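Numbered according to mature numbering (1 follows the signal peptide of the UniProt record, and there is no 0), the sequence shown spans residues -21 to -1, 1 to 61.
For every residue, glycine included, the Cβ atom is placed at its ideal position computed from N, Cα and C.
In this text the structure is predicted, and so the values were computed from the model without any measurement.
Before any comments, here is the structure.
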Amino acid sequence: MMKRIFLAAIVATFAAGSAFADDTCESKAVGKDGKPLAGAAKTSFLKKCKADACAPKAVSADGKPLAGAAKSSFMKKCEVSA
């Protein structure tokens, strides 16, 4: 009986972990019909998705939004890693 409870707890833990996993831009790149995007549509979507994901993070150490060259540099590095 204890083995069954333990096994159920482990399965539930892994199921919950995958349910709360962060969606990546790649996994969100689907059309309205549910099919994966391809070509220029996918490229455009990925570019916008990565920019949207990085924009809120573009702040300096004192909490002010970055601007100019500092923002451009940050966005370029962030989008590559996103």
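Apart from the five residues just before and just after residue i, which ones in its own chain have a Cβ nearer than 7 Å to its Cβ?
i        : result
valine 9 : Pro15 and Leu16
Which residue's Cα is closest to the Cα of residue i: the options?
i         : options                       : result
serine 6  : Lys55, Val59 and Phe24        : Phe24
lysine 36 : Glu58, Thr22, Lys26 and Ala19 : Glu58
lysine 26 : Thr3, Asp12 and Ser39         : Thr3
Helix or strand or just coil, what does DSSP make of residue i?
i              : result
methionine -21 : coil
task = At 3 residues or longer, and completely inside the region 5 to 57: list those beta strand (DSSP E) runs for me, N to C.
result = The region 5 to 57 is shown to contain no whole beta strand (DSSP E) run of 3 or more residues.
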